[in-house]
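Worksheet for the structure shown next.
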Amino acid sequence: MAEKKPSPGQRLPAAERREQMLNAARIVFGERGYTGATTDAVAKAAGVSQAYIVRTFGSKENLFVETVSRAVDKTIEVFRTAAQGVESPQELIREMGHAYVKLVADRGILLTMMHLFTMGHYERFGQLARDEFMRIYRVLHHEIGMSPKATEKFLAKGMLINTVLGMRLTDVMKTDPDIQELLACTFTQEETESLAELAKLHTPLPPAARGRTSS
Numbered sequence: 001m002a003e004k005k006p007s008p009g010q011r012l013p014a015a016e017r018r019e020q021m022l023n024a025a026r027i028v029f030g031e032r033g034y035t036g037a038t039t040d041a042v043a044k045a046a047g048v049s050q051a052y053i054v055r056t057f058g059s060k061e062n063l064f065v066e067t068v069s070r071a072v073d074k075t076i077e078v079f080r081t082a083a084q085g086v087e088s089p090q091e092l093i094r095e096m097g098h099a100y101v102k103l104v105a106d107r108g109i110l111l112t113m114m115h116l117f118t119m120g121h122y123e124r125f126g127q128l129a130r131d132e133f134m135r136i137y138r139v140l141h142h143e144i145g146m147s148p149k150a151t152e153k154f155l156a157k158g159m160l161i162n163t164v165l166g167m168r169l170t171d172v173m174k175t176d177p178d179i180q181e182l183l184a185c186t187f188t189q190e191e192t193e194s195l196a197e198l199a200k201l202h203t204p205l206p207p208a209a210r211g212r213t214s215s
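Numbering-wise (full-length UniProt numbering), the sequence shown opens with residue 1 and increments by one.
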């Protein structure tokens, strides 16, 4: 999802400029991962100098930490909002699931968190990945009140949603009956339709990336 850049010559308040840089970082880290991303790429996406990025955040590591923590913050925020006033466990799962699907329509949030949760072996980020994942678990279980088993199932469903959207499986589901079958077994009809709508927001996959069309 594209972020609006400031107009040439436009001066933003420090808080807004920081937000602009974090939005750009979310996109760049999402697209390139931590290793492939550079502060220069983030600076260009944000419309600021690389020196300003480094002066504000200190290092690429610090920028990544703040970016992924904010992505988790947004995830927790949508869960809390979706859970308000909901009493039925079934309705709770449904409302939070729909809210999560809408959130990760922002591929920057989706891919940044996916990158983070594969970094358990990194000395700098391994504990961060574990802490942030468990922060989500604790909010779902202790604050929202889901049982451990319900929380486990919800997190598993969320990871599957991440994988489906990360691979852009919904972009090609009409061409492969096995994909359609998998999605039908995994998601409700409403969820499948929502995922298909999200696929329309993507830049179209090039023909070579779409794979073989099933007969």
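Yeah, the Cβ is synthetic: ideal placement off N, Cα and C, and Gly gets one too.
Measuring CA to CA, which of the options is closest to residue i?
{"i": "Val78", "options": "Ser88, Val68, Thr163 and Glu95", "result": "Glu95"}
{"i": "Pro89", "options": "Glu31, Thr118 and Pro148", "result": "Pro148"}
{"i": "Arg18", "options": "Asp176, Thr192, Tyr122 and Leu63", "result": "Leu63"}
{"i": "Gly33", "options": "Thr67, Gly47 and Gln20", "result": "Thr67"}
{"i": "Ile76", "options": "His142, Thr163 and Met167", "result": "His142"}
{"i": "Lys102", "options": "Asn162, Phe117 and Ile136", "result": "Asn162"}
{"i": "Ile109", "options": "Ala25, Glu61 and Gly36", "result": "Ala25"}
{"i": "Leu198", "options": "Thr35, Gly97, Glu181 and Asp106", "result": "Asp106"}
{"i": "Ala43", "options": "Pro177, Tyr52 and Gly36", "result": "Tyr52"}
On the criterion of 16 or more Cβ atoms from any shown chain inside 10 Å, does residue i qualify as buried, or is it exposed?
{"i": "Thr213", "result": "A caution first: Thr213 carries a pLDDT of 47, below 50, which makes its placement in the model unreliable, though a value can still be read off. So Thr213 counts as exposed."}
{"i": "Asp73", "result": "exposed"}
{"i": "Glu132", "result": "buried"}
{"i": "Lys174", "result": "exposed"}
{"i": "Lys200", "result": "exposed"}
{"i": "Met21", "result": "buried"}
{"i": "Met167", "result": "exposed"}
{"i": "Lys153", "result": "exposed"}
{"i": "Met134", "result": "exposed"}
{"i": "residue 241", "result": "In the structure as shown, the chain begins at 1 and stops at 215. Residue 241 is therefore absent and cannot be evaluated."}
{"i": "Thr203", "result": "exposed"}
{"i": "Ala14", "result": "exposed"}
Is it true that the CB of residue j sits closer than 9 Å to the CB of residue i?
{"i": "Ala46", "j": "Met113", "result": "no"}
{"i": "Leu165", "j": "Leu195", "result": "yes"}
{"i": "Lys157", "j": "Thr118", "result": "no"}
{"i": "Thr170", "j": "Leu160", "result": "no"}
{"i": "Arg80", "j": "Val139", "result": "yes"}
{"i": "Gly97", "j": "Glu191", "result": "yes"}
{"i": "Ser69", "j": "Leu128", "result": "yes"}
{"i": "Leu28", "j": "Thr38", "result": "According to the sequence shown, residue 28 is Val rather than Leu. Closer than 9 Å, so yes."}
{"i": "Ile136", "j": "Ala83", "result": "no"}
Completely contained alpha helix (DSSP H) runs for the region 5–93, where each covers 4 or more residues: 14–36, 39–46, 50–57 and 60–83
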